[in-house]
Structures are given as C-alpha cells and as structure tokens.
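Protein chains in written order, with UniProt numbering: chain A, 1 to 304; chain B, 1 to 304. Quick reminder that beta carbons are idealized off the backbone N, C-alpha and C, glycines included.
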DNA sequence: GGTCTGCCAAAAGGAACACTTAATGTACGA
DNA sequence: TCGTACATTAAGTGTTCCTTTTGGCAGACC
C-alpha cells in the first residue's frame with residue numbers, strides 16, 4: 001500500500017528533475033520530500049532514484065513505479081470528479097454568509113475541506129453581522145449563513161421558508177490582561193465580583209449582545225470603553241493592553257492573538273449559540289454538503 | 001488524495017456488509033475503522049455508507065468510490081509485483097543466518113519490510129553463533145549472515161570470496177539489578193570499580209568474548225556465574241535477580257525484558273561490531289535488497 | 001586554488017494522526 | 001424487559017510527518 005502523497009512526490013521528481021524543485025513545486029521543503037522518497041524506496045524494496053550532483057533522476061524501477069503512480073493518481077482524480085458530479089455540485093457555486101469571528105476561527109478549515117472535495121465549485125464568503133445574515137439568506141444573496149445569538153436575549157423568529165440549525169453552544173468567559181486576574185482561585189468567578197471593574201463592552205445597543213451588556217451593568221461593572229467594531233479583535237487588544245476586562249465567547253478568548261488570562265463565570269448564565277441558517281428542502285446540493293462538513297467540523301472544534 | 005488504507009476499508013465494508021466484520025477481517029478494531037470511514041466521507045464530501053441496524057451498506061457514491069478504489073488497489077498490487085520481477089526477486093528465496101540477539105532485536109523489523117515489498121520470496125532464518133555464520137555463508141547454506149565481533153579481540157580474516165560489511169558498532173555497558181548501581185554519579189564508571197564485584201560472565205573460552213572476559217578478570221571482577229547459553233537473555237535474568245553484574249552490548253541492555261540499571265564504562269574499551277557477511281558480486285538479488293534494508297534499518301535502530 | 005552556489009541528507013523538536021480500550025447509544029428479537 | 005449486535009464517542013498513547021538547523025559534496029567561477 002503505497003502512500004499516494006509519496007507517489008505524487010516521485011512523479012514530481014521525475015518531472016522536475018530534482019528533489020528541491022519538486023519540493024517547492026509541491027509546497028514542501030526539500031528535506032521533507034527527501035525523507036518521504038527514502039521511505040518510498042524502502043517500502044518498494046528497490047532503488048528508485050539516482051542522486052546526481054546536479055539533480056536527481058529515476059532508475060528503471062523508479063520509472064516503472066512512477067508510471068503506475070500516474071495511473072493511481074488519475075483514478076483518484078476521476079473519483080473526485082465523479083463524486084462531485086454525482087452530488088450535483090460540479091460547476092455550481094456556493095455563497096456563504098458569516099459573522100466575523102466564525103469567518104476567522106471556524107470557517108477556514110471547513111472551507112478547506114470543501115474545496116479539496118469540490119475544487120470546481122465557485123466559493124464566495126461574505127461578512128454579515130447578525131441579524132443581517134438571516135436577511136441575506138431570505139433575500140437569496142447567500143445560500144446559507146452562520147449567525148450567533150446571545151443569552152440572555154430573545155431569539156428572533158425565523159422568517160418563513162428559512163430554518164436554523166444549532167451548531168455549537170459556547171460559554172462566555174471573562175478575559176483580563178495577563179497578571180490582572182481578579183481575586184484568587186481558578187474556579188468559576190461569581191458575576192458579582194465584576195462590580196466596579198472597568199469593562200470593555202460592545203455597543204450597549206448592539207442588538208445581539210444587548211441582554212449580556214445589561215446583565216453586566218446590573219452586576220455593577222463600570223463601562224470603561226465601548227467598542228463599535230465588529231468582532232472581538234479590538235476588544236481583546238484593549239483588554240490585553242490593560243484597559244479593562246471583558247466578557248467574550250470562549251472560542252475568541254482561546255484563539256486570541258493577544259495574550260489574555262481566561263476565567264469562567266459563575267453562574268454560567270452567559271452563552272452564545274452559533275447556528276447555520278438555511279433553506280431546508282430548497283438548499284442547493286453544495287449547501288447541504290457544506291452543512292454536513294459544518295456539523296462534523298464543529299464537533300472537532302469543540303473537542304479541541 | 002485518498003488514503004489507500006481508507007479505500008481498502010471501504011472495499012472491505014462493501015464485501016463484509018458491516019464495519020465490525022470488515023474491521024476484524026482487516027485486523028483493526030471497529031472504532032478504528034469507523035473513524036477512518038468517517039474521515040473518508042468527510043474527504044469525499046458525500047455520504048458513502050448507510051448505517052443499518054443490521055450492518056452497513058454503501059450508498060451510490062460509496063459504490064462509485066469503491067469501484068475506483070478497487071482499481072487503485074489493483075494498480076498498487078501490480079506495481080509491487082512488477083518491482084519484484086524487475087529486481088529479479090519473484091519466486092526466489094532468501095536464507096539469512098543470524099546470531100540470537102540480532103535475530104531477536106534487529107532482524108524482525110527489517111524482515112517485515114522485506115516481506116511487505118516481496119511477499120513471494122521464501123524466507124528462511126537460521127541461528128548461527130559466530131563464527132559459524134561465516135562458515136554457513138562459505139558453505140552456501142545461507143545467502144548472508146549477521147555476525148558480531150567483540151573488542152578487544154583479534155578479527156578473523158574473511159575466507160576468500162566472502163566479504164564483511166560493518167552495520168553497527170555498539171558499546172558494551174555495565175548492567176546491574178535496579179537499585180544496586182555501584183558507586184555514585186551517572187557518568188561513565190571506571191573499569192577499576194568492577195574489582196571484587198560478582199560477575200555474571202559468558203563462558204570464558206567462548207571465542208568471541210574471550211578478550212572481553214579476560215579484560216574483566218584483569219580488572220579484578222570476581223566470577224560469580226558462568227552462562228553457557230547463547231544470547232544474553234539468561235545473563236540479564238540473573239543480573240536482574242541480583243546474582244551479580246554483567247557487561248553486555250548496549251542494545252541488549254536497553255531491550256531487556258527484565259528490569260536493569262545501565263551504566264557506561266570508562267574507558268570505553270569494550271565494543272562489539274555487528275556485520276553482515278556476504279558474497280559480494282555473487283550475491284542474489286534478494287540478498288542485495290535485504291542488505292540495503294539492513295543499512296537503513298540499522299540507521300534507524302541506532303537513532304532510536 | 002580558494003570560494004561560492006545548488007543540491008541532498010541527518011538531527012532535533014513540535015504538531016497532527018491513528019490506533020487502542022472503555023463507555024454510551026440504538027434498534028431488533030426473545 | 002432483557003439480551004444481542006452494531007456503531008459511535010471519548011480519552012489516552014504512540015507514531016508519523018513536517019519544519020528548522022546543520023553538515024557534506026560536487027561543480028562553477030574568480
């Protein structure tokens with residue numbers, strides 16, 4: 001059972017004439033390819049390459065295996081195309097709406113997987129802050145959209161003909177600058193402890209988070225800075241710089257490029273739900289496929 | 001690029017009718033196969049399997065991919081056979097002589113690799129304690145033989161028509177029962193410290209180790225038990241039981257099933273060289289191939 | 001002759017992957 | 001209601017693979 005990646009490496013060397021060139025053409029470093037080819041030679045039980053001082057050629061055995069390799073790679077390519085055609089995806093397009101955070105942290109691996117399986121589907125990603133995503137699906141501007149809803153808050157009803165499926169529920173956690181963690185212990189922090197703390201908040205009248213901001217105000221947190229920017233990049237940067245604390249989704253806290261200290265809150269009253277809005281029976285095949293990937297993809301994300 | 005192992009799993013499920021049966025037929029557990037198939041489905045971007053309550057069937061997409069998979073696996077099989085034929089190995093045989101320790105610790109992974117590449121070569125492994133291995137190659141009883149030579153000792157000259165290639169040089173180290181390590185420190189132990197220690201030794205007149213035993217006697221070690229058994233399994237067992245200390249090859253000390261404390265000696269005068277004895281130009285193709293595997297295989301063994 | 005350049009290989013460290021066992025879920029038949 | 005058969009989920013462990021760094025080697029060039 002030869003690893004097709006290694007077979008592709010062999011073919012690439014045959015065509016490029018050197019390991020280094022083949023590696024850069026495939027997007028690897030030269031040592032990586034050298035190791036893989038050495039393993040392939042061991043597995044094949046024969047010398048496949050002749051190392052020249054001006055490149056690398058294939059031996060007779062190498063040419064033979066490269067020939068079979070081309071056929072193997074061809075079969076796999078055909079399989080991919082056939083599967084795409086069977087799924088009715090070939091040549092179609094897929095338009096995804098997403099809010100900023102999901103677009104940064106969640107969507108990329110899923111879209112990568114989709115693209116690998118269906119390279120000829122035209123992909124479009126558009127940024128919509130909720131509830132604009134729902135509107136976009138309703139208007140037919142996108143095939144599906146990722147949205148979020150915060151608790152405590154009232155859930156907006158779905159327009160008729162649209163459906164919402166929950167992908168992930170995550171807690172909101174407290175983030176502070178490193179070394180500024182409030183009080184002792186590592187367990188959940190009572191919300192009351194936020195009283196008097198300078199709070200970096202989203203716009204209080206920003207619909208999705210309205211309930212959260214009000215609850216924080218009731219706990220006695222002191223508004224320090226109000227961020228009007230979509231997403232949490234700015235909030236995290238300000239918190240990391242020591243301007244105050246903030247309550248953000250767990251995923252944001254963990255993936256933040258700025259260093260942050262993270263702490264859960266008690267009681268765990270703050271949550272956000274990430275959902276995908278779609279058209280149900282009227283979904284395109286591409287949309288259905290992406291939704292399947294979203295489901296398993298988010299399963300992995302929550303496990304990590 | 002579909003992993004051929006996963007493709008084989010899909011074919012196996014198609015033929016077995018259930019994941020559990022396919023798994024046991026392939027030598028895996030059911031969860032392993034289930035996970036691999038789930039990944040294949042994600043990669044393919046389509047549902048391949050229909051989970052019944054009485055087994056698992058393939059969907060149309062699954063059947064399609066399974067068909068391509070059969071062809072891919074076929075190509076790989078053909079490639080293997082062609083490579084074997086090209087190497088002149090098909091239907092041949094390979095007889096290997098080895099001393100006990102190498103047969104236990106070094107040869108198995110190399111033979112496994114050889115067998116995978118050339119399943120139709122008839123393999124024979126025979127146990128020869130040096131210098132009988134050289135004689136066996138000279139007599140044509142085996143195609144090649146692994147032998148060892150200890151230092152200090154005189155190297156026997158090769159009979160004409162035979163050649164010896166060094167594969168590995170390893171130090172001899174001191175082993176004791178756990179908790180009985182002599183003196184302090186973790187650096188190399190001066191040989192003089194062995195004076196008066198009870199020594200588990202190989203037969204003093206056993207040719208390969210004669211020089212080693214004599215040097216240990218000169219250092220003042222007290223013979224406690226003399227082992228006449230080939231290999232070091234018995235020596236290690238006695239040492240581990242606390243009957244005395246011993247000086248054994250590093251590889252033996254590290255791979256011993258009985259728990260042992262290991263310490264290097266100073267000066268590092270004791271070594272053994274593991275070589276392969278062969279016929280040079282008159283080697284069979286199979287022998288040449290195995291020697292290539294031995295070279296890279298021992299490279300890995302020394303790295304581990 | 002000495003230096004530079006291009007190419008390949010070895011070593012070490014970190015991230016990802018695949019396997020295992022154990023536990024959970026689900027439909028069917030007695 | 002229980003027992004069986006099948007599949008999945010979860011958690012832990014070992015291996016694999018890729019990257020960076022380093023070293024060696026042959027020809028080109030000054």
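According to the Cβ coordinates, are residue i and residue j closer than 8 Å?
i: residue 230(A); j: residue 172(A); result: no
i: residue 169(A); j: residue 125(A); result: no
i: residue 224(A); j: residue 198(A); result: yes
i: residue 318(B); j: residue 62(A); result: For residue 318(B) there is no data in the structure shown, the boundaries of chain B being 1 and 304.
i: residue 226(A); j: residue 203(A); result: yes
i: residue 260(B); j: residue 110(B); result: no
i: residue 150(B); j: residue 272(B); result: yes
i: residue 258(A); j: residue 237(A); result: yes
i: residue 219(B); j: residue 241(B); result: no
i: residue 277(A); j: residue 133(A); result: yes
i: residue 232(A); j: residue 76(B); result: no
i: residue 167(B); j: residue 274(B); result: yes
i: residue 89(B); j: residue 60(A); result: no
i: residue 290(A); j: residue 163(A); result: no
i: residue 22(B); j: residue 38(B); result: no
i: residue 103(A); j: residue 127(A); result: yes
i: residue 4(B); j: residue 4(A); result: yes
How should residue i be labelled, buried or exposed, when 16 other C-beta atoms within 10 angstroms of its C-beta is the threshold for buried?
i: residue 160(A); result: exposed
i: residue 246(A); result: buried
i: residue 214(B); result: exposed
i: residue 41(B); result: buried
i: residue 50(B); result: exposed
i: residue 179(B); result: exposed
i: residue 305(B); result: A question about residue 305(B) goes unanswered here, because the residues of chain B that appear run from 1 up to 304.
i: residue 316(A); result: Chain A is shown only over 1 to 304; residue 316(A) falls outside these bounds and no answer can be derived.
i: residue 83(B); result: buried
i: residue 15(A); result: exposed
i: residue 244(B); result: buried
i: residue 98(A); result: buried
i: residue 130(A); result: buried
i: residue 196(B); result: exposed
i: residue 139(A); result: exposed
i: residue 222(B); result: exposed
For a cutoff of 8 Å on Cβ pairs, would you count residue i as touching chain A?
i: residue 165(B); result: no
i: residue 2(B); result: yes
i: residue 45(B); result: yes
i: residue 289(B); result: yes
i: residue 93(B); result: no
i: residue 304(B); result: Note that residue 304(B) has pLDDT 26, beneath the 50 cutoff, so the model's placement of it is unreliable and no number is given.
i: residue 149(B); result: no
i: residue 65(B); result: yes
i: residue 168(B); result: no
i: residue 12(B); result: no
i: residue 72(B); result: yes
i: residue 293(B); result: yes
i: residue 113(B); result: yes
Is there a Cβ of chain B sitting closer than 8 Å to that of residue i, yes or no?
i: residue 118(A); result: yes
i: residue 296(A); result: yes
i: residue 96(A); result: no
i: residue 9(A); result: no
i: residue 5(A); result: yes
i: residue 82(A); result: yes
i: residue 35(A); result: no
i: residue 60(A); result: yes
i: residue 15(A); result: no
i: residue 276(A); result: no
i: residue 32(A); result: no
i: residue 50(A); result: no
i: residue 75(A); result: yes
i: residue 123(A); result: no
i: residue 86(A); result: yes
i: residue 308(A); result: Coverage of chain A is limited to positions 1 through 304, which leaves residue 308(A) absent and any answer about it impossible.
Okay, do the region 56–76 of chain B and the region 27–38 of chain A touch, 3+ Cβ pairs below 8 Å being the bar?
no
Which runs of the beta strand (DSSP E) spanning at least 3 residues fall entirely within the region 241–299 of chain A, listed in chain order?
246–249, 261–263 and 271–278
Within the chosen definition, does the region 134–146 of chain B reach the region 258–268 of chain B through at least 3 CB pairs nearer than 8 Å?
no
Say whether the region 44–61 of chain B touches the region 86–95 of chain B, bearing in mind that this needs 3 or more beta-carbon pairs closer than 8 Å, one atom from each stretch.
no
Start-end ranges of the alpha helix (DSSP H) lying completely within the region 15–79 of chain A, minimum 4 residues
19–26 and 30–44
Can you list, in chain order, the stretches of the beta strand (DSSP E) that have 3 or more residues and sit fully within the region 93–159 of chain B?
93–98, 122–127 and 144–151
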